[in-house]
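Residue numbers (this note's numbering), protein chains in the order written: chain A, -5 to 285; chain B, 27 to 387.
In structure tokens, the structure reads:
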């Protein structure tokens, strides 16, 4: 096998994994701060895609610029869900949390089907089919743009958590919500802000992938599934773990597509996940470690 | 079954908590506690003639299938609180094993369902080794990972499994091949199966194993501390649950005539098994039955009558019911149901002829 093939597979893997990372960062942040695993998380990505699609087709702005719409919209969605739904199941047994959020998943996915219809929307831009050739390998332009968005947003999130007062308060609530409340942090407010950020990041992932992913009501399901695997692999609540876990699973998928078959590439990702669970049931990193 | 019975008798002597069997001679047919279940059974037996319509009969058949698989899931997910989102694996194995045996060797599904059950138990054992060390979200998500792996393997090894296109059951209309003309005979086969599942669940609920499962589900550390062999209880519960799920899987494919990996191993399928128990009542014998009788008709009827106008309305309603039940009645709807049933009993002639007015179980 040529070096160029390996390089190409690695690059494809990182490009896939970057999107998994961004979706997973939102999911693991929500778990870290609010202590809920949201099984409707993939549906937030789907809603982000629809927001971008409709903004693009109504205003004609470049799909990437629609981030200024999709992120605030999804922030509001996430905050509302926290205030009016998740609030009631904080601290409930995992079974309750799983099935309430599964119920939300049913509602969002099928509500989208009801409102937007089953048609597959494809968004075409000037760069949808372009690729950049770098010596031995080719990088698809829309995937590269998605990857860059992922990096920028992840860095911004880490900066926000480590250097703003609100971010520090969020980290404090993540480490110990009772003590955080004792020292005067309004934890309820922190919870809905965290849920909003979680949904906004995931909505942004939806915007990022729209140039190469068809928009349908079920578009979020696969990404949701990969995000659950990713956050467990990287230890629930650990942001760095989610980023690295996403990249690992993206690479595994890319190698799987190359060496197993195009339709069963994820076998390798899931296999790695199971092996890690057998050896380190707590995930690759420490759970809920600070940023 | 024999084992279960023995266990159950042991439990009655060992655990005074177990409800003693009502062998009172005064417990005669005139008591509503006796004749109401009989009337219920008679209604179920005559229901196809009351509705007398293929469309509703089909819904009833699906209700019975999902009630049965719900009971099977409930053994592990409800009593033992090991929330599996991968039971589609066992369901699919039941469907695939019996179908493959028919296609390749012309073996009857009556035999195939047992073979499927055994394969499901073996696969379940391997999966259990992996997931039983995990708790909560980690456990649930790992079971999803396993069902995705199984689905991808079925797609990958298409020469054996038929791949993504799926398999069709060869048409051979005969009782020996578990195939019937029309939907009516299926109704009775499914009804018998559901009753068998109910009796099995009841027997397990009152057995030593059942108490172990419930104790472990409530507090694993405490259960371990009083000497319960946790891995063994988990594996036994999974084996029984997987076997029963696979049997229903065979019946399902004999009714639908078709199986494909993307459908049967999907998370949605596994979630549906769990939902009938959650809506009805976790860790109760009749919870999954009630859940199936509520959820399946709601989904099918809204889809058939409003699906053209509003596609997706059925599962949106489904999701709303689930959210409302979890927030308002976290123990499921069986609570309301059994309270009304108890009240109804007190109003019926012959109430109290067994010399006691209180609750039985």
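Just so it is clear, CB atoms sit at the ideal spot from N, CA and C, and this is done for glycine as well.
Taking DSSP as the reference, what is the three-state secondary structure of residue i?
| i | result |
| --- | --- |
| residue 311 of chain B | coil |
| residue 249 of chain B | helix |
| residue 113 of chain B | coil |
| residue 89 of chain B | helix |
| residue 87 of chain A | coil |
| residue 22 of chain A | helix |
| residue 33 of chain A | coil |
| residue 340 of chain B | helix |
| residue 323 of chain B | helix |
| residue 223 of chain B | helix |
| residue 269 of chain B | helix |
| residue 199 of chain B | coil |
| residue 79 of chain A | coil |
| residue 276 of chain A | coil |
| residue 159 of chain A | helix |
| residue 138 of chain A | helix |
| residue 252 of chain A | helix |
| residue 357 of chain B | coil |
| residue 27 of chain A | helix |
| residue 99 of chain A | helix |
| residue 370 of chain B | helix |
| residue 260 of chain A | helix |
| residue 49 of chain B | Since pLDDT at residue 49 of chain B reaches only 49, below the 50 mark, its modelled position is unreliable, and no value is offered. |
| residue 268 of chain A | helix |
| residue 230 of chain A | coil |
| residue 315 of chain A | No statement about residue 315 of chain A is possible, as the shown extent of chain A runs from -5 to 285 and does not include it. |
| residue 203 of chain A | helix |
| residue 377 of chain B | coil |
| residue 107 of chain B | coil |
Any chance the CB of residue i is under 8 angstroms from a heavy atom of the ligand MN?
| i | result |
| --- | --- |
| residue 54 of chain A | Of the ligands one can find in the structure shown there are none, so the ligand MN has no counterpart to examine. |
Buried or exposed for residue i, please, with buried defined as at least 16 other CB atoms from any protein chain shown within 10 angstroms of its CB.
| i | result |
| --- | --- |
| residue 89 of chain B | buried |
| residue 27 of chain B | In this predicted model, residue 27 of chain B has a pLDDT of only 40, less than 50, meaning its place in the structure is not dependable; the value taken from the coordinates is given anyway. Flag for residue 27 of chain B reads exposed. |
| residue 87 of chain B | buried |
| residue -1 of chain A | exposed |
| residue 29 of chain A | buried |
| residue 263 of chain B | buried |
| residue 116 of chain B | buried |
| residue 42 of chain B | Any reading at residue 42 of chain B needs caution, since the residue's pLDDT is 42, under 50, leaving its predicted position unreliable; the model's value is listed next. By the 10 Å Cβ count, residue 42 of chain B comes out exposed. |
| residue 352 of chain B | buried |
| residue 386 of chain B | Residue placement at residue 386 of chain B cannot be trusted, given a pLDDT of 46 that sits under 50; what the coordinates show is reported in the next sentence. Exposed is the call here. |
| residue 109 of chain A | exposed |
| residue 370 of chain A | Outside the shown range of chain A (-5 to 285) lies residue 370 of chain A, about which nothing can therefore be said. |
| residue 49 of chain B | The predicted position of residue 49 of chain B is uncertain, since its pLDDT is 49 and thus under 50; no value can be drawn from it. |
| residue 347 of chain B | buried |
| residue 208 of chain A | exposed |
| residue 129 of chain A | exposed |
| residue 57 of chain A | buried |
| residue 21 of chain B | The structure shown has nothing for residue 21 of chain B, since chain B only spans 27 to 387. |
On the DSSP bridge list, what partners appear for residue i?
| i | result |
| --- | --- |
| residue 127 of chain A | A/132 |
| residue 193 of chain B | B/285 |
| residue 115 of chain A | A/209 |
Write down the C-beta distance between residue i and residue j rounded to the nearest angstrom, noting that I regard them as a contact closer than 8 angstroms.
| i | j | result |
| --- | --- | --- |
| residue 243 of chain A | residue 227 of chain A | 7 angstroms |
| residue 349 of chain B | residue 98 of chain A | 7 angstroms |
| residue 311 of chain B | residue 373 of chain B | With 8 angstroms as the limit, residue 311 of chain B and residue 373 of chain B do not qualify as a contact, their Cβ atoms being about 24 angstroms apart. |
| residue 139 of chain B | residue 276 of chain B | 4 angstroms |
| residue 223 of chain A | residue 175 of chain B | Not quite, the Cβ-Cβ distance comes to about 11 angstroms (not below 8 angstroms), so this is no contact. |
| residue 308 of chain B | residue 358 of chain B | 6 angstroms |
| residue 106 of chain A | residue 206 of chain A | Not really, about 20 angstroms apart at Cβ, beyond 8 angstroms. |
| residue 146 of chain B | residue 291 of chain B | Actually they are not in contact, since the Cβ atoms of residue 146 of chain B and residue 291 of chain B sit about 13 angstroms apart, beyond 8 angstroms. |
| residue 4 of chain A | residue 196 of chain A | With a Cβ gap of about 26 angstroms, residue 4 of chain A and residue 196 of chain A do not count as contacting. |
| residue 257 of chain B | residue 158 of chain B | 6 angstroms |
Interfacial residues, the segment 96 to 130 of chain B to chain A, with Cβ spacing under 9 angstroms
Flagged, chain order: 103, 107, 109, 111.
Within 8 angstroms of chain A by C-beta, residues of the segment 190 to 216 of chain B in sequence order:
190
Near-chain B residues of the segment 239 to 254 of chain A (beta-carbon distance less than 8 angstroms), N- to C-terminal order
254
Beta carbons nearer than 9 angstroms to chain A: which residues of the segment 322 to 356 of chain B have them?
336, 337, 338, 339, 340, 341, 342, 343, 344, 345, 346, 347, 348, 349, 350, 351, 352, 353, 356
Using a Cβ-Cβ cutoff of 9 angstroms, what residues of the segment 206 to 228 of chain A are near chain B? List them in chain order.
211, 215, 219, 222, 223, 225, 226
Can you give me, in chain order, the residues of the segment 129 to 145 of chain A that have a beta carbon less than 8 angstroms from any beta carbon in chain B?
none
Below 8 angstroms between beta carbons is the criterion; list the residues of the segment 302 to 322 of chain B that meet it against any residue of chain A, in chain order.
304, 308
With 9 angstroms as the limit, tell me which residues of the segment 154 to 169 of chain B have their beta carbon closer than that to any beta carbon of chain A; keep them in chain order.
155, 156, 157, 159, 160, 161, 162, 163, 164, 165, 166, 167, 168
Report the residues of the segment 63 to 97 of chain A with a CB closer than 7 angstroms to any CB of chain B, ordered along the chain.
82, 88, 89, 90, 92, 93, 94, 96, 97
Going along the chain, which residues of the segment 23 to 40 of chain A sit with their C-beta nearer than 7 angstroms to a C-beta in chain B?
31
Relative to chain B, which residues along the segment 253 to 273 of chain A have a C-beta separation below 8 angstroms, given in chain order?
254, 255, 257, 258, 260, 261, 264, 265, 267, 268, 271, 272
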